[in-house]
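Shown next, in structure tokens, is the structure this report addresses.
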Amino acid sequence: MDLRRYPGFRAMTLLCLVILYTPLIVITVYSFNASTSITTWGGFSWRWYADVFTGPEAPRFRAAAWNSLTIALIAATTATLIATAAAVAMVRGGRFRGKSATFTLINLPLMVPEIVIAVATLIFFSMIGLTTGYLTILIAHITFCIPFAYLPIAARLQGIEATYEQAARDLYATRAQAFRLILLPLMMPGVISGYLLAFIISLDDFIITNFVKGAGMETLPTAIFGSVKQGIKPNIMAISTMMLAVSVLLVTLSYFVNRAGQKTRA
Amino acid sequence: MNVSVDIRQVVKRYGTVTALHGVSMAIGENEFFTLLGPSGCGKTTLLRCIAGFEDVSGGEIRLHGQNIAALEPNHRPVNTVFQQYALFPHMTVRDNVAFGLKMKGMGLAERNARAGKMLEMVHLSAFADRLPAQLSGGQQQRVALARALAPEPKVLLLDEPLSALDLKLRQAMRVELKQLQETTGITFIFVTHDQEEALTMSDRIAVMSQGHVQQIGTARDIYEAPVNRFVADFIGETNLLPVTVESVAQGVAAVTLPGGHRITCAAAGMAPGPHHVSIRPERLSIVPTGGDLDVVVERVVYLGSDLQLLTRLDSGAALHLRMQNSARGQVPAPGTRIGLQLEEGAARLLAD
Ligand SMILES: Nc1ncnc2c1ncn2[C@@H]1O[C@H](COP(=O)(O)OP(=O)(O)OP(=O)(O)O)[C@@H](O)[C@H]1O
Ligand SMILES: [Mg+2]
Numbered sequence: 010m011d012l013r014r015y016p017g018f019r020a021m022t023l024l025c026l027v028i029l030y031t032p033l034i035v036i037t038v039y040s041f042n043a044s045t046s047i048t049t050w051g052g053f054s055w056r057w058y059a060d061v062f063t064g065p066e067a068p069r070f071r072a073a074a075w076n077s078l079t080i081a082l083i084a085a086t087t088a089t090l091i092a093t094a095a096a097v098a099m100v101r102g103g104r105f106r107g108k109s110a111t112f113t114l115i116n117l118p119l120m121v122p123e124i125v126i127a128v129a130t131l132i133f134f135s136m137i138g139l140t141t142g143y144l145t146i147l148i149a150h151i152t153f154c155i156p157f158a159y160l161p162i163a164a165r166l167q168g169i170e171a172t173y174e175q176a177a178r179d180l181y182a183t184r185a186q187a188f189r190l191i192l193l194p195l196m197m198p199g200v201i202s203g204y205l206l207a208f209i210i211s212l213d214d215f216i217i218t219n220f221v222k223g224a225g226m227e228t229l230p231t232a233i234f235g236s237v238k239q240g241i242k243p244n245i246m247a248i249s250t251m252m253l254a255v256s257v258l259l260v261t262l263s264y265f266v267n268r269a270g271q272k273t274r275a
Numbered sequence: 003m004n005v006s007v008d009i010r011q012v013v014k015r016y017g018t019v020t021a022l023h024g025v026s027m028a029i030g031e032n033e034f035f036t037l038l039g040p041s042g043c044g045k046t047t048l049l050r051c052i053a054g055f056e057d058v059s060g061g062e063i064r065l066h067g068q069n070i071a072a073l074e075p076n077h078r079p080v081n082t083v084f085q086q087y088a089l090f091p092h093m094t095v096r097d098n099v100a101f102g103l104k105m106k107g108m109g110l111a112e113r114n115a116r117a118g119k120m121l122e123m124v125h126l127s128a129f130a131d132r133l134p135a136q137l138s139g140g141q142q143q144r145v146a147l148a149r150a151l152a153p154e155p156k157v158l159l160l161d162e163p164l165s166a167l168d169l170k171l172r173q174a175m176r177v178e179l180k181q182l183q184e185t186t187g188i189t190f191i192f193v194t195h196d197q198e199e200a201l202t203m204s205d206r207i208a209v210m211s212q213g214h215v216q217q218i219g220t221a222r223d224i225y226e227a228p229v230n231r232f233v234a235d236f237i238g239e240t241n242l243l244p245v246t247v248e249s250v251a252q253g254v255a256a257v258t259l260p261g262g263h264r265i266t267c268a269a270a271g272m273a274p275g276p277h278h279v280s281i282r283p284e285r286l287s288i289v290p291t292g293g294d295l296d297v298v299v300e301r302v303v304y305l306g307s308d309l310q311l312l313t314r315l316d317s318g319a320a321l322h323l324r325m326q327n328s329a330r331g332q333v334p335a336p337g338t339r340i341g342l343q344l345e346e347g348a349a350r351l352l353a354d
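Just so you know, the protein sequences line up as chains A and B, in that order. Adding 9 to a residue's 1-based position in the first sequence gives its number in our numbering. Adding 2 to a residue's 1-based position in the second sequence gives its number in our numbering.
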């Protein structure tokens, strides 16, 4: 059956696309606006990009960007390692007690409202006496990145038949060698996808970060939010456009990695 | 016979399902040994137990006297050709073949040379640098063989390796496999549910059913001297007739056929009473008078070089026979009553 034959399918799709993408297009276009106004077009200019790097708010943005980047790198790496181990245990570990409970536990952060996690995490940190700051942001990010890294890795792993590892074991490979030489290369596209997804999610997070960041610590999203509270200036559009570009780049990368992965399957 | 693999009372349970009920068999060195049986009888399970992918629930698997049932797969000098080949998709054909050698610690130059030799043996030298996905099914099959043979295992396990190939290729591979086994001198344990494959390739065959070994013997043994109804029925075509054993003396049974005629059969420790005999259709012939069985012809089926006669005994039991389609032979018309003579030793008394 062809979905496109449904009456109104085209119009509905178009409407969704417009609602989704018009703001992004507007922001991207107006980030190149020469005028100080955010609503009237004053010609093409790079001035707001220059402002982001050299303007009065530049040191704040630079510090925030550095925090965002390092947190995203560490959180994505750690979450990917944990998610990979979890995926191997869940997909290859056979049946074990508490398997479905474990699955729920891994994926819970996807289902619990973010604001609840934010509040709960903050309360937890203050209960154990951890001062909010870089470390608390990092811990929170690692935690909520795990399910995002887990899903593509587990999906990839599910598509890899266990006979490959058995063939390796049969040909005198130890468990570790079978993992390193056979399973890991085969699941690598999933691992990279998971890593990139976790990276974007961390880079992008606002709610949880805002709760656990503590005074004086900023990541890019919280810094942007802070700026916007004083009124929207076009430099915010420039910074947002740059973040959008990074996201699009990573998603595209993830797509191509996955597609290359399809080809290596026998 | 020097025993290579000695399987003793192997039991395998999956939860409440018992896949193998105390299976025993002794497989000789250099033997082409086949596990044959219907789907679900436990062939793959037994093979996986020998390879080490499954832990046995009981019993021993001895390889040249040493019990290997508790060893990890990488510590067993046994290699497997998987049904779907399981070639490593991210490695070239050469690296696939050399993988086992690498794991055994052989140096790069040496193992590549040896992989080259193995590929030559399976006529794939030109494909060494390709990825498995760039090969046809038959070529992948041969790479899988070369990969499993490269480390010179004591035993090669093959799980329905030909089932994914088309008929022509399958027949060619049968010959190639048999030749490989003879030139390498490695014990082959071959799994199939195709009896023709089993009969044409094997030195000996173990017929399995529902986790039990029914009979072990040469193709001739299991075809001509099936020990029970399952084997007689599973291997080739046969007629199973209910008979009465009147008496048994010195390994010979006096048997009354349906219709009252008496014959003698070889009987291995059978008590008098109701039993079954198996009679192969090609071992019955039509006689004008004094046959062992009286039947009415129901249908004549033309099979080219042969004719198949479907007949019925007065007792209502069906009986089919084959006769050569020669121009001289008189073909009885449906509805006529004919007498059938059993060839000497054609009736096999079955233990049930
Ligand atoms: N992992 C498992 N868990 C539970 N039962 C299993 C498992 N593997 C096999 N079995 C059962 O054990 C029995 C034997 O299976 P096996 O795969 O050995 O059959 P087979 O003879 O190889 O059949 P086929 O010709 O279809 O491949 C079957 O009844 C099957 O359902
Ligand atoms: Mg099987």
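For each residue, glycine too, the CB sits at the ideal point set by N, CA and C.
query = What residues from chain B crowd round residue 195 of chain A, counting only those whose CB sits closer than 9 angstroms?
reply = The CB of residue 195 of chain A comes closer than 9 angstroms to the CB of 90, 91 and 92 in chain B, given here in chain order.
query = In whole angstroms, what is the alpha-carbon distance linking residue 33 of chain A and residue 23 of chain A?
reply = Each residue's CA atom was taken as its position, placing residue 33 of chain A and residue 23 of chain A some 15 angstroms apart.
key: Test item: CB-CB of residue 73 of chain A and residue 227 of chain A under 7 angstroms   = Yes.
ask   = Quick one: does the C-beta of residue 222 of chain A sit closer than 6 angstroms to a heavy atom of ligand 1?
value = Because no heavy atom of ligand 1 lies under 6 angstroms away, the Cβ of residue 222 of chain A does not count as near it: no.
ask   = How long is the line joining the alpha carbons of residue 100 of chain B and residue 81 of chain B, rounded to whole angstroms?
value = About 13 angstroms.
key: DSSP three-state assignment for residue 21 of chain A, whether helix, strand or coil   = If DSSP states are grouped into helix, strand and coil, residue 21 of chain A belongs with the helices.
ask   = Just checking my contact of residue 11 of chain B with residue 24 of chain B at CB under 8 angstroms: how many whole Å lie between their CB atoms?
value = Rounded, the Cβ-Cβ distance is 5 angstroms, consistent with contact.
ask   = Are the stretch 76-94 of chain B and the stretch 136-152 of chain B in contact at 8 angstroms, needing three or more beta carbon pairs?
value = Counting Cβ pairs under 8 angstroms, three or more are found: they touch.
query = Are there 16 or more other CB atoms within 10 angstroms of the CB of residue 50 of chain A, so buried, or fewer, so exposed?
reply = With fewer than 16 Cβ atoms within 10 Å of its Cβ, residue 50 of chain A is classed as exposed.
query = Is residue 36 of chain B closer than 7 angstroms to residue 207 of chain B when the C-beta atoms are compared?
reply = The Cβ-Cβ distance between residue 207 of chain B and residue 36 of chain B falls below 7 angstroms.
key: Proximity test, Cβ basis, 7 angstroms: residue 175 of chain A and chain B   = With its beta carbon less than 7 angstroms from one in chain B, residue 175 of chain A belongs to the interface.
request  = Determine the direct distance from the alpha carbon of residue 230 of chain B to that of residue 258 of chain B, and round the result to whole angstroms.
outcome  = Separation of residue 258 of chain B and residue 230 of chain B (C-alpha to C-alpha, rounded to the nearest whole angstrom) is 19 angstroms.
task = For residue 347 of chain B, go through chain A and note every residue whose CB falls closer than 8 angstroms to its CB, in chain order.
result = Per Cβ cutoff of 8 angstroms: no residues; residue 347 of chain B is ~45 angstroms from chain A at best.
request  = Return the CA-CA distance between residue 22 of chain B and residue 212 of chain B, expressed in angstroms with no decimal places.
outcome  = Rounded to whole angstroms, residue 22 of chain B to residue 212 of chain B spans 8 angstroms at the Cα level.
request  = Give a single yes or no on whether residue 119 of chain B has its beta carbon closer than 6 angstroms to a heavy atom of ligand 2.
outcome  = No; taking the cut-off as 6 angstroms, the Cβ of residue 119 of chain B has no heavy atom of ligand 2 nearer than that.
request  = Name the residue from A:133, A:158, A:137 and A:84 whose alpha carbon lies nearest to the alpha carbon of residue 116 of chain A.
outcome  = For the residues A:133, A:158, A:137 and A:84, the minimum Cα distance to residue 116 of chain A belongs to A:158.
ask   = Between residue 82 of chain B and ligand 2, is the CB less than 6 angstroms from at least one heavy atom?
value = No, ligand 2 has no heavy atom inside 6 angstroms of this Cβ.
message = As a quick check of your reading: which residues have a C-beta less than 5 angstroms from at least one non-hydrogen atom of ligand 1, in chain order?
response = Qualifying residues, in the order they occur: B:16, B:19, B:21, B:41, B:42, B:43, B:44, B:45, B:46, B:47 and B:195.
key: Residue(s) in a DSSP beta bridge with residue 217 of chain B   = According to DSSP, which records beta bridges pairwise, residue 217 of chain B is partnered with B:209.
task = Could you round the C-beta distance between residue 95 of chain B and residue 121 of chain B to whole angstroms and report it? I think they count as a contact, below 8 angstroms.
result = In this structure residue 95 of chain B is in contact with residue 121 of chain B, their Cβ atoms being roughly 7 angstroms apart against a cut-off of 8 angstroms.
ask   = Which residues share a DSSP beta bridge with residue 42 of chain B?
value = DSSP output for residue 42 of chain B lists no bridge partner at all.
message = Would the stretch 179-196 of chain B count as touching the stretch 31-51 of chain B if we require 3 or more Cβ pairs under 8 angstroms?
response = Yes, the stretch 179-196 of chain B is in contact with the stretch 31-51 of chain B.
query = Exposed or buried, residue 6 of chain B, counting other C-beta atoms within 10 Å across all chains shown (16 or more means buried)?
reply = Under this definition residue 6 of chain B is a buried residue.
ask   = Once you ignore the five residues that flank residue 162 of chain A on each side, which residues in its own chain have a CB closer than 8 angstroms to its CB?
value = Closer than 8 angstroms at Cβ, skipping near neighbours: 89, 92, 93, 96, 196, 199, 200, 202 and 203.
inquiry  = My assumption, with CB atoms under 8 angstroms, is that residue 192 of chain A sits in contact with residue 182 of chain A. Please give the rounded CB distance.
reply    = Residue 192 of chain A to residue 182 of chain A, Cβ: 10 angstroms. No contact.
query = On the three-state DSSP scale, how would you describe residue 350 of chain B?
reply = Here residue 350 of chain B sits in strand by DSSP.
Beta carbon of residue 52 of chain A nearer than 7 angstroms to that of residue 43 of chain A = Taking 7 angstroms as the Cβ cut-off, residue 52 of chain A and residue 43 of chain A qualify as a contacting pair.
query = Got a sec: is the Cβ-Cβ distance from residue 179 of chain A to anything in chain B below 7 angstroms?
reply = Taking Cβ atoms only, chain B reaches closer than 7 angstroms to residue 179 of chain A, which makes this a yes.
ask   = Is residue 24 of chain B helix, strand or coil by DSSP?
value = In this structure, residue 24 of chain B counts as strand in the three-state DSSP scheme.
query = Which word fits residue 120 of chain A, buried or exposed, when buried means at least 16 other C-beta atoms lie within 10 angstroms of its C-beta?
reply = Exposed.
ask   = Pick from A:55, A:21 and A:152: whose alpha carbon is nearest that of residue 248 of chain A?
value = Of the candidates A:55, A:21 and A:152, the one whose C-alpha sits nearest the C-alpha of residue 248 of chain A is A:55.
ask   = In chain order, what residues of the same chain have a beta carbon less than 8 angstroms from the beta carbon of residue 82 of chain A, not counting five sequence neighbours either side?
value = 208, listed in sequence order.
ask   = Are the stretch 258-269 of chain A and the stretch 44-56 of chain B touching by the rule of at least three beta carbon pairs closer than 8 angstroms?
value = Verdict: no, contact absent.
message = Out of A:14, A:219 and A:246, which one is the CA nearest neighbour of residue 41 of chain A?
response = Residue A:246 is the option with its Cα nearest to residue 41 of chain A.
inquiry  = Taking 7 angstroms as the limit between beta carbons, can you name the residues of its chain near residue 134 of chain A, skipping five residues before and five after?
reply    = In the same chain as residue 134 of chain A, and ignoring 5 residues on each side of it, the C-beta atoms closer than 7 angstroms to its own belong to 141, 145 and 221, in chain order.
ask   = From this set, B:102, B:98, B:42 and B:171, which residue's C-alpha is nearest residue 135 of chain B's C-alpha?
value = Out of B:102, B:98, B:42 and B:171, B:98 has the C-alpha closest to the C-alpha of residue 135 of chain B.
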